[in-house]
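Chains as they are written, first to last, in the working numbering: chain A, 4 to 252; chain B, 4 to 252; chain C, 4 to 252.
Built from N, CA and C at the ideal position, the CB exists for glycine as well.
Everything numeric in this text was worked out from a predicted model, so none of it was measured.
Below is one structure, written out as structure tokens; comments come after it.
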């Protein structure tokens, strides 16, 4: 019983924030259509409408989740438009449900194998503006319950092979002012420095080993290169913003 | 088993915000007194102390929830005063637990039939300032478990028939700067314009069809008229505030 | 079955905020390692890095929780340093898991009896910066499932007897601008006044009985002395900050 539960987790990853009824309404759908599955709020403050940063962020977070986990991931500037299709990706045993706008490209890029489908299944009632609740949540519930919704195999709208594995950009600023990048710590020398907004930034293993008032980079708990300051707000001090590019020297 | 769970959902709708221990303390009570019921955080950023806006907002959100759902709803400027009574409403098969201050009036106004009760049940220990945890949560747990607390049938303190079905006011601003109104989209012509703070606002079906930089109104995913801008913050651009009135022309 | 669930609750108390993946990642660990236990978010906006204020806050919140509850509590400026040890406290039948930096001192001070252990158990993979996910969450899951991780009885790094029972300081500012103190309402006369930042503050039983525009103190729902204003923001009006000291006259 515990085992079956593990393989059914539904993980939410959105740019909805914690304000408004949006997250709650999706969870109400999941509660009704997949009542025995655990739902985890992974994050709801993904950079708004920024599916490129979100794609790198999501890819850094999925590894600890077991096979069969369903990620309901929504960062979607084009909701209601006819251009972007609703899709399902299966990669390395995990499911991803959301818009086919690039959000799953880094997952696909990293995976040993993946398949993608466009969702054909339609709810009885589909609002123009809230596909998360009306379409993606029911499809996620079906997958978590071991059912396949009507869907057709396809290619992702954007070719994952054209996306770099390492992205030398800031992809997320956390509440403490730390700046995550799309660079993998395992692929960069500890002797390398980063240059960001004119500032040279050296490596430190942990906050406690960094000099106060001096920015440093370290490998964060998800394996990404992150820029921080010991007991200070690096983002504010250095004027960092999501999308800002950095050099490795 | 799945069925029984569906009929027992407890839905939280408050102005407590996500800061502080308040939501967590209510959920700890529910976890102990109704451990098998699912608890959904519908929203915790209802306009603070504004039970009138909250009443219209709540009424727009309840329809997807099944019979037997218990809404624990608290927007309560008068907590600790002796004037407002604690009440239970049953309307169209759903339960509502909270203060009798108008919060449930729009639900009652819209329902085919409803009954209201004043809560006589008292906890062993009742704080002066946190009836949500001490009184409303235990009563919600009892109802969700199929037990009736001691209560006496009554009339709501305010007569629902005196509240308009459509409220031509802003009742909520979301994190993206979209402004919900108390107007029902199904009851207004798509050719109508809204006038708000001196600005004339026309209809668009979805964000993607609206011109950038020009505010529009559309019918949101809960059926309410909502004012928005494509990839911009309508509330900030137009100086919108909760309670602001609008004209339909 | 309901009983067994009660004794297994895991309660989160952190300074992580609701932004970022941190809370979600801890809950994903708990979901996998303690899938039948209820997890309660008690609060995630504990004053950042302020384990002293946090210790008084936590102690005011635990009483309603049953024996066997596991508190996963993290306020940890020294994560990654070798100075502070990971610890487990058992006090009055409840478990506490977190850093041995003073966070559990007020709990220990108040308890009839307590024991403390340093955690010897090590995860297969331990990041430098996120012990909450890698170490404290698995240990909490083990305790909630009735297993004891490898650990050695010890003394707390700071002696609880040296911490005062009442702390005449502001320990928390809530979203409404109310200021909690570390003073116990039951140990102070209702005729006493507080002096804070040059302002004299008298007692009122509830908000509704306080004069508008005049700050008052009352005993909050957790038994602590709290400073507030009726329908106004006391923190902003009086310029209050966490750590500010007050006098009782």
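Quick one: measure Cβ to Cβ for residue 124 (chain A) and residue 153 (chain A), integer angstroms, because I've assumed they're closer than 8 Å.
-> Position 121 of the first chain, counted from the first residue, corresponds to residue 124 (chain A). Position 150 of the first chain, counted from the first residue, corresponds to residue 153 (chain A). Yes, they are in contact, since the Cβ atoms of residue 124 (chain A) and residue 153 (chain A) sit about 4 Å apart, within 8 Å.
Do residue 206 (chain A) and residue 193 (chain A) come within 7 Å of each other at the CB atom, strictly closer than that value?
-> One-based indexing of the first chain puts residue 193 (chain A) at position 190. One-based indexing of the first chain puts residue 206 (chain A) at position 203. Yes.
Pull up the distance between the alpha-carbon of residue 66 (chain A) and that of residue 14 (chain A), whole angstroms please.
-> Reading the first chain from its first residue, position 63 is the one you call residue 66 (chain A). Reading the first chain from its first residue, position 11 is the one you call residue 14 (chain A). Spanning the two alpha carbons is a distance of roughly 13 Å.
Would you report the Cα separation of residue 112 (chain C) and residue 238 (chain A), rounded to the nearest angstrom?
-> The sequence position of residue 112 (chain C) within the third chain is 109, counting from 1. The sequence position of residue 238 (chain A) within the first chain is 235, counting from 1. When rounded, the distance between both Cα atoms is 39 Å.
Where the segment 129–143 of chain A meets chain B: residues whose CB sits under 8 Å from a CB there = Those would be 130, 131, 132, 133, 136, 137, in chain order.
Counting only beta-carbon atoms, is residue 64 (chain A) nearer than 7 Å to chain C?
-> The residue you call residue 64 (chain A) lines up with position 61 of the first chain. Closer than 7 Å to some Cβ of chain C, the Cβ of residue 64 (chain A) qualifies, so yes.
Presumed contact (8 Å Cβ cut-off) between residue 50 (chain A) and residue 252 (chain A), rounded CB distance = Numbered from its first residue, the first chain carries residue 50 (chain A) at position 47. Numbered from its first residue, the first chain carries residue 252 (chain A) at position 249. With a Cβ gap of about 26 Å, residue 50 (chain A) and residue 252 (chain A) do not count as contacting.
Taking only the alpha-carbon atoms, compute the straight-line gap between residue 166 (chain C) and residue 108 (chain C) and give it to the nearest angstrom.
-> In the third chain, the residue the question calls residue 166 (chain C) occupies position 163. In the third chain, the residue the question calls residue 108 (chain C) occupies position 105. When only Cα atoms are considered, residue 166 (chain C) and residue 108 (chain C) end up about 7 Å apart.
Apart from the five residues just before and just after residue 53 (chain A), which ones in its own chain have a Cβ nearer than 7 Å to its Cβ?
-> Here residue 53 (chain A) corresponds to residue number 50 of the first chain, with the count starting at 1. Contacts found: 78, 245.
My understanding is that residue 121 (chain C) touches residue 155 (chain C), with C-beta atoms under 8 Å, so please give their C-beta distance in whole angstroms.
-> Taking the third chain and counting its residues from 1, one reaches residue 121 (chain C) at position 118. Taking the third chain and counting its residues from 1, one reaches residue 155 (chain C) at position 152. Between residue 155 (chain C) and residue 121 (chain C) the Cβ distance is about 5 Å, and since that is below 8 Å, they are a contact.
Could you spell out where the beta strand (DSSP E) holding residue 102 (chain C) opens and where it closes?
-> Indexing the third chain from 1 puts residue 102 (chain C) at position 99. 97–102 is the span of the beta strand (DSSP E), which, as asked, contains residue 102 (chain C).
Based on Cα-Cα distance, which residue from B:173, B:210, B:119 lies nearest to residue 250 (chain B)?
-> Here residue 250 (chain B) corresponds to residue number 247 of the second chain, with the count starting at 1. Selected option, being the one with the closest Cα: B:173.
Selection from C:227, C:31, C:21, C:23 that minimises the alpha carbon distance to residue 140 (chain C) | Translated into positions along the third chain, residue 140 (chain C) becomes position 137. Taking only the C-alpha atoms, the option nearest residue 140 (chain C) is C:31.
Interfacial residues, the segment 64–81 of chain C to chain A, with Cβ spacing under 8 Å = Going along the segment 64–81 of chain C in chain order, one finds 80, 81 with a Cβ nearer than 8 Å to chain A.
Closer than 8 Å, Cβ to any Cβ of chain C: which residues of the segment 32–47 of chain B, in chain order?
-> Residues 32, 34, 35, 38, 39.
Three-state secondary structure (DSSP) at residue 168 (chain A)?
-> The sequence position of residue 168 (chain A) within the first chain is 165, counting from 1. In the structure shown, residue 168 (chain A) sits in coil (DSSP, three-state: anything other than H, G, I, E or B).
Residue 39 (chain C) to residue 11 (chain B) span [Cα, whole Å] | In the third chain, counting from the first residue as 1, residue 39 (chain C) sits at position 36. In the second chain, counting from the first residue as 1, residue 11 (chain B) sits at position 8. Using only the alpha carbons, I get a separation of about 19 Å.
So does residue 134 (chain B) have its beta carbon nearer than 6 Å to some heavy atom of the ligand SAM?
-> Among the ligands in the structure shown, none appear at all, so the ligand SAM cannot be discussed.
Go ahead and pull the three-state DSSP assignment for residue 240 (chain C).
-> For the purposes of this step, residue 240 (chain C) is taken as the residue at position 237 of the third chain. In the displayed model, residue 240 (chain C) falls within a helix according to three-state DSSP.
Between residue 88 (chain B) and the rest of its own chain, which residues show a CB-CB distance below 6 Å, the 5 nearest in sequence each way excluded?
-> As a position in the second chain, residue 88 (chain B) is number 85, starting the count at 1. The residues are 103, 121.
What residues are listed by DSSP as bridge partners for residue 55 (chain B)?
-> For this step, residue 55 (chain B) is matched to residue 52 along the second chain. Beta bridge pairing from DSSP links residue 55 (chain B) with no other residue.
Taking a Cβ distance cut-off of 7 Å, strictly less, list which residues of the segment 213–239 of chain B are near chain C, in chain order.
-> Of all residues in the segment 213–239 of chain B, none has a Cβ within less than 7 Å of some Cβ in chain C.
Can you say whether residue 129 (chain B) is buried or exposed, counting buried as having 16 or more other CB atoms within 10 angstroms of its CB?
-> The count along the second chain starts at 1 and reaches residue 129 (chain B) at position 126. Exposed.
Beta-carbon proximity list for residue 82 (chain C), same chain, < 7 Å, skipping 5 on both sides | As a first step, residue 82 (chain C) must be located in the third chain, where it is residue number 79. So the qualifying residues of the chain are 132, 134.
Nearest residue (CA-CA) to residue 24 (chain A), options B:127, B:105, B:144, B:62 | For the purposes of this step, residue 24 (chain A) is taken as the residue at position 21 of the first chain. Of all alpha-carbon atoms in B:127, B:105, B:144, B:62, the one lying nearest the alpha-carbon of residue 24 (chain A) is that of B:62.
Cβ separation of residue 227 (chain A) and residue 201 (chain A), assumed to be a contact under 8 Å, to the nearest whole Å = By 1-based counting over the first chain, the position of residue 227 (chain A) is 224. By 1-based counting over the first chain, the position of residue 201 (chain A) is 198. About 22 Å separates the two Cβ atoms, so there is no contact after all.
Please list, in chain order, all residues of the same chain as residue 145 (chain A) whose beta carbon is under 6 Å from its beta carbon, the five residues on each side excluded.
-> The sequence position of residue 145 (chain A) within the first chain is 142, counting from 1. Listed in chain order, the non-local C-beta contacts of residue 145 (chain A) below 6 Å within the same chain comprise 152, local neighbours out to five positions each way being set aside.
Can you give me, in chain order, the residues of the segment 171–198 of chain A that have a beta carbon less than 7 Å from any beta carbon in chain C?
-> Per Cβ criterion, the list reads 177, 178.
Straight-line CA distance for residue 69 (chain A) to residue 91 (chain B)?
-> Counting from one through the first chain, the residue named residue 69 (chain A) turns up at place 66. Counting from one through the second chain, the residue named residue 91 (chain B) turns up at place 88. Pairing residue 69 (chain A) with residue 91 (chain B), the inter-Cα distance amounts to about 43 Å.
Which residues DSSP lists as bridging residue 14 (chain B), in chain order | In the second chain, residue 14 (chain B) corresponds to position 11, counting from 1. DSSP lists B:43, B:74 as the beta-bridge partner residues of residue 14 (chain B).
Does the Cβ-Cβ distance between residue 160 (chain C) and residue 106 (chain C) come in under 7 Å?
-> Stepping through the third chain from its first residue, residue 160 (chain C) is reached at position 157. Stepping through the third chain from its first residue, residue 106 (chain C) is reached at position 103. The Cβ-Cβ distance between residue 160 (chain C) and residue 106 (chain C) does not fall below 7 Å.
For residue 207 (chain B), three-class secondary structure by DSSP = Stepping through the second chain from its first residue, residue 207 (chain B) is reached at position 204. DSSP places residue 207 (chain B) in coil when its eight states are reduced to three.
Determine the direct distance from the alpha carbon of residue 148 (chain C) to that of residue 8 (chain C), and round the result to whole angstroms.
-> For the purposes of this step, residue 8 (chain C) is taken as the residue at position 5 of the third chain. For the purposes of this step, residue 148 (chain C) is taken as the residue at position 145 of the third chain. In this prediction, residue 8 (chain C) has a pLDDT of 45, which is less than 50 and means its spatial position is unreliable; what the coordinates show is noted afterwards. Rounded to the nearest angstrom, the two C-alpha atoms are 10 Å apart.
Compute the distance between the beta-carbons of residue 236 (chain B) and residue 180 (chain B), then report whether it is under 7 Å.
-> For the purposes of this step, residue 236 (chain B) is taken as the residue at position 233 of the second chain. For the purposes of this step, residue 180 (chain B) is taken as the residue at position 177 of the second chain. Against a cut-off of 7 Å, the Cβ pair of residue 180 (chain B) and residue 236 (chain B) comes out as a contact.
State the beta-bridge partners of residue 231 (chain C) as determined by DSSP.
-> Counting from 1 along the third chain, the entry for residue 231 (chain C) is found at position 228. Paired residues: C:219.
Residues within the segment 107–118 of chain A neighbouring chain C, beta-carbon criterion of under 8 Å = Under the 8 Å Cβ criterion, the segment 107–118 of chain A contributes no residue.
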